[in-house]
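Here's the structure we're looking at; comments come further down.
Residue numbers (our numbering): 3 to 405.
Structure below.
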């Protein structure tokens, strides 16, 4: 059982789905996990502390201290103790507090102290779920690294039918088990003592103080690659364009850049001391010849922006690559995909190239999935099915390891 001996905090908030927390606790304990429950004060109106304490085999906690004897419930200690923190059900109110660091109860304060993965199972009525403010908070939490367990569709407490039901306890346990199974696939230590450079995300090429040329890259692919390398023991320098995600591993040092020139300079600086580099960033091929110091005023006339080529980072690093260094590039194509990828592999002196095509549904910018083909310097290719970007990152790192 993958959850055996895992230390899990279950946060229960004041939603009608709180009754499902009892079933969830029972399933987690049955899987061999040690469960401690934090309840909000209002949650006690939906399910009793006695029920949760009996099922978890641990006393539940609600407040920062016990007013009867002064015992202190340390949010820091709990945050360090846990292997996972599950908040189920998670109301709009609690998610709003989490997203904005409003630490007015023990549950949110523990969340802000937790160093473990956090899973959130939302529950609320249809209109609340779809409200822009709630959607914004959920996206903020995801950007902060929270694993959102998607709400299910069905009959709601209001009598309406739609999205907003908390995921069933069995599905929550399955999601968490899958997370730990995936993590277990990444055996640590193979890259101990190795240094890698990874670049990720877009670049923004400024036209004037308020406008730029950019692309739709989210950086998710590169961030996943950096995290998998770090989990295998590598020290990773992650050179990141402007993205809304964060790296969550102590072995990753993030260097933030904006433009192609800044990306290029950072890669030049850090590559010589690295054992390898994975160039997954969507770096602009062109940048404006002239940057306007003041905002360009709009007019009825057409505006022409003269562009000049940026330096090709992959080609430059390939030209200075020393013996023993490994260089991995990416090719995002819309036509003649394999032909263009092979050309790039040879011309830029790459050891591997990861090809993905915008013609494949679910691949490319912005999403959480990708479908790639990896080609090596001997023209050997391996095609993979559509997978999560985390799984694709594992495939890429495994291929690097094989070299």
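Ideal Cβ placement from N, Cα and C applies to all residues, glycine included. No experiment lies behind these values; they were computed from the predicted model shown.
Problem set entry | Backbone CA spacing between residue 180 and residue 227 [nearest angstrom] | Here the question's residue 180 lines up with position 178 in the chain shown. Here the question's residue 227 lines up with position 225 in the chain shown. Looking at the two C-alpha atoms, the distance is approximately 19 Å.
For this session: Quick one: residues in its chain with C-beta nearer than 6 Å to the C-beta of residue 18, no 5 flanking neighbours on either side, listed in chain order?
Result: Along the chain shown, one-based indexing puts residue 18 at 16. Closer than 6 Å at Cβ, skipping near neighbours: 159.
Exercise. Opposite residue 157 in the DSSP bridges: which residues?
Worked result: On the chain shown, residue 157 is found 155 positions in, with the first residue counted as 1. Looking at the DSSP assignment, residue 157 forms a beta bridge with 163.
For this session: Could you tell me how far apart the beta carbons of residue 199 and residue 276 are, in whole angstroms, since I believe they sit closer than 8 Å?
Result: Within the chain shown, the letter at position 197 stands for residue 199. Within the chain shown, the letter at position 274 stands for residue 276. So it is a contact: roughly 5 Å between Cβ atoms.
For this session: Could you spell out where the beta strand (DSSP E) holding residue 214 opens and where it closes?
Result: Along the chain shown, read from residue 1 onward, the residue named residue 214 stands at position 212. 213-215 is the extent of the beta strand (DSSP E) around residue 214.
For this session: Please classify residue 406: is it buried, with 16 or more other beta-carbons within 10 angstroms of its beta-carbon, or exposed?
Result: The first residue shown for the chain is 3 and the last is 405, placing residue 406 beyond what the model contains.
For this session: Please report how far the alpha carbon of residue 116 lies from the alpha carbon of residue 31, in whole angstroms.
Result: The residue labelled residue 116 in the question sits at position 114 within the chain shown. The residue labelled residue 31 in the question sits at position 29 within the chain shown. Computed Cα separation, rounded: 21 Å.
Problem set entry | Identity of the residue in 152, 175, 174, 172 nearest residue 164 by Cα | Indexing the chain shown from 1 puts residue 164 at position 162. Taking only the C-alpha atoms, the option nearest residue 164 is 152.
For this session: Indicate the three-state DSSP secondary structure (helix, strand or coil) for residue 95 in the structure shown.
Result: Residue 95 sits at position 93 when you count from the first residue of the chain shown. If DSSP states are grouped into helix, strand and coil, residue 95 belongs with the helices.
For this session: Give the single residue among 297, 86, 62 whose Cα lies nearest to the Cα of residue 213.
Result: Within the chain shown, the letter at position 211 stands for residue 213. Per the Cα distances, 297.
Problem set entry | Neighbourhood of residue 35 by C-beta distance below 6 Å, restricted to the same chain and skipping five residues each side | Within the chain shown, residue 35 is the residue found at index 33, counting from 1. 5, 8, 10.
Exercise. On the three-pair Cβ rule with 8 Å, is the region 367-377 touching the region 313-325?
Worked result: no
Exercise. Cα separation between residue 175 and residue 44?
Worked result: Residue mapping note: residue 175 aligns to position 173 of the chain shown, counting from 1. Residue mapping note: residue 44 aligns to position 42 of the chain shown, counting from 1. Cα-Cα distance, rounded: 25 Å.
For this session: Measure the C-alpha to C-alpha separation of residue 367 and residue 57 and round it to an integer number of angstroms.
Result: As a position in the chain shown, residue 367 is number 365, starting the count at 1. As a position in the chain shown, residue 57 is number 55, starting the count at 1. For residue 367 and residue 57, the distance between alpha carbons rounds to 44 Å.
Exercise. Since residue 13 and residue 87 are thought to touch, with beta carbons under 8 Å apart, how far apart are those beta carbons, to the nearest angstrom?
Worked result: On the chain shown, position 11 is the one that residue 13 refers to. On the chain shown, position 85 is the one that residue 87 refers to. Contact flag correct, Cβ pair sits at about 7 Å.
Exercise. How long is the line joining the alpha carbons of residue 85 and residue 79, rounded to whole angstroms?
Worked result: Looking up residue 85 in the chain shown gives position 83. Looking up residue 79 in the chain shown gives position 77. Distance between the alpha carbons of residue 85 and residue 79: 12 Å.
Exercise. By Cβ distance below 6 Å, which residues in the same chain neighbour residue 216 in space, the five residues on each side in sequence not counted?
Worked result: Counted from its first residue, the chain shown places residue 216 at position 214. Cβ neighbours of residue 216 beyond the five flanking positions: 204, 206.
Exercise. Is residue 193 near residue 234, with beta carbons less than 8 Å apart?
Worked result: Numbered from its first residue, the chain shown carries residue 193 at position 191. Numbered from its first residue, the chain shown carries residue 234 at position 232. Cβ atoms of residue 193 and residue 234: closer than 8 Å.
For this session: Whole angstroms is fine: what's the gap from residue 182's alpha carbon to residue 169's?
Result: Position 180 of the chain shown holds residue 182. Position 167 of the chain shown holds residue 169. Computed Cα separation, rounded: 19 Å.
Exercise. Can you tell me whether residue 21 is buried or exposed, with buried defined as 16 or more other CB within 10 angstroms of its CB?
Worked result: Taking the chain shown and counting its residues from 1, the one referred to as residue 21 is at position 19. Label assigned to residue 21: exposed.
Problem set entry | Buried versus exposed call for residue 392 [16 or more other C-beta atoms within 10 Å across all chains shown] | Your numbering for residue 392 matches position 390 in the chain shown. Buried, because 16 or more other Cβ atoms sit within 10 Å of the Cβ of residue 392.
Exercise. Over what stretch of residues does the beta strand (DSSP E) that includes residue 406 continue unbroken?
Worked result: Residue coverage of the chain in this structure runs from 3 to 405, which leaves residue 406 outside it and unanswerable.
For this session: Out of 127, 33, 91, state which residue places its alpha-carbon closest to the alpha-carbon of residue 15.
Result: For this step, residue 15 is matched to residue 13 along the chain shown. Among 127, 33, 91, the Cα nearest to that of residue 15 is on 91.
Exercise. Just how far apart, CA to CA, sit residue 330 and residue 342?
Worked result: Taking the first residue of the chain shown as position 1, residue 330 is located at position 328. Taking the first residue of the chain shown as position 1, residue 342 is located at position 340. Near 15 Å, if we compare the C-alpha coordinates of residue 342 and residue 330.
Exercise. Curious, which full-length beta strand (DSSP E) runs of at least 3 residues does the region 180-246 contain?
Worked result: 197-202, 207-210, 213-215, 237-242
Exercise. So what does DSSP say about residue 13, is it helix, strand or coil?
Worked result: Position 11 of the chain shown, counted from the first residue, corresponds to residue 13. If DSSP states are grouped into helix, strand and coil, residue 13 belongs with the strands.
Problem set entry | Start-to-end residues for the alpha helix (DSSP H) that takes in residue 266 | Reading the chain shown from its first residue, position 264 is the one you call residue 266. 262-272 is the extent of the alpha helix (DSSP H) around residue 266.
Problem set entry | Distance CB(residue 263)-CB(residue 312) smaller than 8 Å | Indexing the chain shown from 1 puts residue 263 at position 261. Indexing the chain shown from 1 puts residue 312 at position 310. Their beta carbons are under 8 Å apart, which means residue 263 touches residue 312 by this criterion.
Exercise. Taking DSSP as the reference, what is the three-state secondary structure of residue 331?
Worked result: Walking along the chain shown from the start, residue 331 turns up at place 329. Reduced to three states, the DSSP call for residue 331 is strand.
Exercise. Between the beta-carbon of residue 269 and the beta-carbon of residue 201, is there less than 8 Å?
Worked result: Against the chain shown, residue 269 aligns to sequence position 267. Against the chain shown, residue 201 aligns to sequence position 199. Yes, these two residues count as a Cβ contact at 8 Å.
Problem set entry | Where the beta strand (DSSP E) through residue 41 begins and ends | Locating residue 41 in the chain shown gives position 39, counting from the first residue. Unbroken beta strand (DSSP E) run through residue 41: 36-41.
Exercise. Helix or strand or just coil, what does DSSP make of residue 110?
Worked result: What you label residue 110 is simply residue 108 of the chain shown in a count that begins at 1. Correct three-state label for residue 110: helix.
For this session: Would you identify the three-state DSSP class for residue 77, choosing helix, strand or coil?
Result: Sequence index remark: in the chain shown, residue 77 carries index 75 (1-based). Helix at residue 77.
For this session: With DSSP collapsed to three states, give me the class of residue 51.
Result: Along the chain shown, read from residue 1 onward, the residue named residue 51 stands at position 49. It is helical.
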